[in-house]
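Each remark here refers to the structure printed beneath this line.
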Amino acid sequence: MDLGCGNGTLLYLLKEKGIRGQGIEKDEDCIVECIQRGVYVHHGDIDEGLEHHQDKRFDFVILNQTIQETRNPGEILKESLRIGKKVIVAFPNFGHWNVRWTILTTGKTPVTDLLPYRWFNTPNLHFLSVLDFIEFCEIQKFKIEDKAYFRDLSRVKFRPNFFSKLALFVIS
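Start counting the sequence shown at 64; every next residue gets the next number (the numbering used here).
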C-alpha cells in the first residue's frame, strides 16, 4: 500500500517487477495519471484515517515523501503499522548541509530538487531531519528495522543527518 502515491510512478515500477500494490491519493489529477498507468488507486485523504483497512492486510505500507505532508505523522504511522507488517518511510532531510547553509546565508527557506516549493506553496507541514525521525521513533516506540541515506543516487554512510538529502527507514 502506497499512501500518498502521487501519480503512481512507484506503484507502476513495482507492478513491472510483478509486485501487486495499491495506493491512496487525494489529488484527482494524480489519480487520473495512476489510472492511465494501470495502477490500482483509491481516492482518499490519509489524514482522515485508514480504519476501512484490515489489520496486517499489507506486507509493506509505503510513505514515500509523504509523512512530512501529513497533519499528524504519529497517527498516520500507527495506522500504517496496524494495516501493514512493516512501514517504509522516505522523506527529504531538512538537516542536509545545503538546507542549513541556505537558511544561514540567505535567511530564506531553501528551494532544492527534493524541496521544490517556496514557503507559501509547499505541501510540507513538518520539516524533519534524520535525527528528528530517529528521536520520534524512540518516543513512539517504533522499531527501526533498517535505514538508508542518499545524496542523489549515491548512498551516504558518513554523518547522514548532515550529508544525506533523502532518508529511508523501515519501521515495525
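C-beta: ideal position from N, C-alpha, C; glycine also.
Starting from residue i and walking both ways along the alpha helix (DSSP H), at which residues does that stretch end?
i      : result
Tyr75  : 72-79
Val193 : 193-203
Can you give me the Cβ contacts of residue i inside the same chain, cut-off strictly under 8 angstroms, excluding the 5 residues immediately before and after it?
i      : result
Ile197 : Ile207
Tyr212 : Asn156, Val193, Arg218, Val219, Lys220, Pro223, Phe226, Ser227, Leu229, Ala230, Leu231
Lys148 : Lys119, Phe121, Asp122, Phe123, Ser235
Ile166 : Thr172, Pro173
To the nearest whole angstrom, what separates the beta carbons of residue i and residue j, a pair I think is in contact under 8 angstroms?
i      : j      : result
Ile125 : Met64  : 7 angstroms
Val233 : Asp209 : 4 angstroms
Val274 : Lys80  : The structure shown does not extend to residue 274, since the chain is modelled only from 64 to 235, so the question has no answer here.
Where does the unbroken beta strand (DSSP E) through residue i begin, and where does it stop?
i      : result
Phe221 : Careful: Phe221 lies outside any beta strand (DSSP E) and carries neither H nor E.
Asp209 : 207-214
Phe232 : 229-234
Gly69  : Neither: Gly69 is in no beta strand (DSSP E) and is coded neither H nor E.
Gly86  : 85-88
Go through its chain and collect everything with a Cβ distance to residue i's Cβ below 6 angstroms, but skip five positions before and after it.
i      : result
Val162 : Pro173
Gly86  : Asp65, Cys68, Leu74, Val104
Trp160 : Phe225
By Cβ distance, which residues of its chain are closer than 7 angstroms to residue i, with the 5 residues on each side in sequence left out?
i      : result
Arg214 : Phe226, Ser227, Lys228
His237 : No answer is possible for residue 237: the residues shown for the chain start at 64 and end at 235.
query = Would you say the segment 128-142 touches the segment 153-164, given that touching needs at least three Cβ pairs under 8 angstroms?
reply = yes
inquiry  = Pairs of beta-carbons, one from the segment 183-190 and one from the segment 224-235, closer than 8 angstroms: are there three or more?
reply    = no
inquiry  = I want to know whether the segment 88-98 touches the segment 67-76 - three or more CB-CB distances under 8 angstroms.
reply    = yes
task = Determine, using beta-carbon pairs with one atom in the segment 110-117 and one in the segment 134-145, whether at least three such pairs fall under 8 angstroms.
result = The answer is yes - the segment 134-145 touches the segment 110-117, with three or more Cβ pairs under 8 angstroms.
task = Mind listing, in chain order, the continuous alpha helix (DSSP H) runs of no fewer than 4 residues lying wholly within the segment 101-171?
result = Scanning the segment 101-171 from its first residue to its last, the whole alpha helix (DSSP H) runs of 4-plus residues come out as 136-146, 160-169.
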